[in-house]
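Going letter by letter, the sequence shown gives residues 9 to 265 in this note's numbering. Here's the structure we're looking at; comments come further down.
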Amino acid sequence: MFSGLFNRKKKEQDIYGHMPAPVGANWAFLGADMHSHFIPGIDDGAKTIEDSLGMIRAMIGMGYKSIITTPHVMIDYYPNTVETITAGLQKVQQALKENNIDIPIKAAAEYYIDESFMTLVDKKELLTIRDNEVLVEFSMLYEPPMLSEVIFRMQSAGYKPIIAHPERYLFFHGNLRKFRELKDNGCLMQMNLLSVAGYYGKNIKVVADELMSKGIYDYCGSDMHHEKHAAALKALAASKEYNAIIGYPFLNSRLCS
Ligand SMILES: [Fe+2]
């Protein structure tokens, strides 16, 4: 008599053993996630297609309705192109179909600001999150030379930068005015949800909390690379920090496809 119930419960669990998050305590209110590393074998995220499926199942279990995945493009380590990213996305979409996993997924990129990035800007060959919005990152330790010129060059080419996880750039920590300047210069700002969980350290959490309280952020993202990030994100949804996040007017839902 209990075997049917047992089987149904087992079926509801994803490969990491997660149960779907209860309604009201998950990330459904965001609608879309716009920063993750789900394409296998092309950056430091999913290594195999099984990794990809496991993380995407976890996202569905946490209430997400739509995914824009963003492989690194960094000439020295992950020299991805529109072709490698598009081919990888098709592989993921095919695997989702074969496994009856139903969630819309698109791909853009997380561009590291380097010389080859500037070439792509000038050629107008960037993958966008939405319209002309492009996710960019830079060194955690050193401010990129001529950052304001880079932003100006992107804008002149018709792009709008989204600065990935600004709270993680340590050289800005002593100078919070920098974040406001970037925003005033037309950049959008994307918070990593796990920053608020303290996943990257206390200082980063303090800065993320501060930037949220000042209304600096536009989007938030999971920046999910592996199963530990999925577990931490699930734990965050059940923590006291969740209320501050759910009360913030993130724009993610406008990215739903
Ligand atoms: Fe990332």
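Ideal Cβ positions, reconstructed from N, Cα and C, are used throughout, including at glycine.
Measure from the alpha carbon of residue i to the alpha carbon of each residue in the options, then state which is nearest.
| i | options | result |
| --- | --- | --- |
| CYS228 | ALA245, LYS222 and LEU201 | LEU201 |
| ARG176 | ASP41, GLU145, ILE212 and ASN260 | ILE212 |
| GLN98 | PRO48, GLY39 and HIS233 | PRO48 |
| PHE125 | PHE46, ASN140 and VAL81 | VAL81 |
| ARG65 | ARG185, PHE258 and HIS234 | HIS234 |
| PHE46 | SER230, LEU259, LYS114 and THR77 | THR77 |
| PRO169 | ASP217, LEU190 and VAL100 | LEU190 |
Use the C-beta contact count for residue i: other C-beta atoms within 10 angstroms, 16 or more gives buried, fewer gives exposed.
| i | result |
| --- | --- |
| MET148 | exposed |
| GLN198 | buried |
| MET154 | exposed |
| PRO87 | exposed |
| GLY96 | buried |
| GLU145 | buried |
| LEU13 | At LEU13, the pLDDT of 41 sits below 50, so the modelled position is not reliable; the number obtained from the coordinates is stated separately. The residue in question, LEU13, is exposed, as its Cβ has fewer than 16 Cβ neighbours within 10 Å. |
| GLY62 | buried |
| SER164 | exposed |
| ASN34 | buried |
| PHE258 | buried |
| PRO174 | buried |
| GLU267 | The question about residue 267 has no answer here: the residues shown for the chain are numbered 9 through 265. |
| ALA205 | buried |
| PRO5 | It is not possible to answer for residue 5, since the shown part of the chain is limited to 9 through 265. |
| TYR150 | exposed |
| TYR85 | exposed |
Contact check, residue i vs residue j under 8 Å by CB: the rounded distance?
| i | j | result |
| --- | --- | --- |
| ILE137 | LEU143 | 6 Å |
| LEU263 | MET42 | 5 Å |
| GLY39 | SER261 | 4 Å |
| ALA117 | PRO152 | Going by Cβ atoms, the distance from ALA117 to PRO152 rounds to 17 Å, so no, they are not a contact pair. |
Can you find a heavy atom of ligand 3 that lies under 7 Å from the Cβ of residue i?
| i | result |
| --- | --- |
| MET126 | Looking for ligand 3 in the displayed structure turns up nothing; the ligands present are ligand 1. |
With a cut-off of 8 Å, does the C-beta of residue i fall near any C-beta of chain C?
| i | result |
| --- | --- |
| PRO112 | Among the chains of the structure shown, chain C does not appear; only one protein chain is present. |
Note to self: Taking 8 Å as the cut-off, does the stretch 144–162 touch the stretch 191–207 (at least 3 CB pairs, one atom from each stretch)?
What the structure shows: yes
Notebook entry, point to check: Listed in chain order, which residues are found with a beta carbon closer than 5 Å to a heavy atom of ligand 1?
Noted result: GLU118 and ASP231
Margin query: Measuring CB atoms only, is the stretch 238–246 touching the stretch 63–81, in the sense that at least three cross pairs come out at less than 8 Å?
Written below: yes
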